[in-house]
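Participant: In the working numbering, the protein residues as written are 1207 to 1287.
(1) List the whole-angstrom C-beta distance separating residue 1300 from residue 1244, where the pair is believed to meet the contact cut-off of C-beta under 8 Å.
(2) Below 8 Å between beta carbons: does that hold for residue 1225 and residue 1247?
(3) Is the separation between the beta-carbon of residue 1220 and that of residue 1253 shorter than 8 Å?
(4) With a CB to CB cut of under 7 Å and the five nearest residues on each side skipped, what residues in its chain are close to residue 1256?
(5) In the DSSP assignment, find the unbroken beta strand (DSSP E) run with residue 1231 in it and report its ends.
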């Protein structure tokens, strides 16, 4: 068993996203298909919540960018597991 002190990904745990049902961990990388990959993971894991879109969309946010909101994607940060 690995202790919390030995956890190698600890510095990145706030950035890494996890889709536990798919057994996938993803490290978002800006401007490298990040939105597409998050959407793919959210839909594949069944956590995508389209009903939250209308509450999030503002004049400053495109509909395609709402996937970056954890409430929409349903993905979990590693640190929150």
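We put the beta carbon where it would ideally sit given N, CA and C, even for glycine.
Facilitator: Let's see:
(1) In the structure displayed, the chain extends from 1207 to 1287; residue 1300 sits before or after that span and is not available.
(2) Residue 1225 is a Cβ neighbour of residue 1247, given a cutoff of 8 Å.
(3) no
(4) none
(5) 1230-1232
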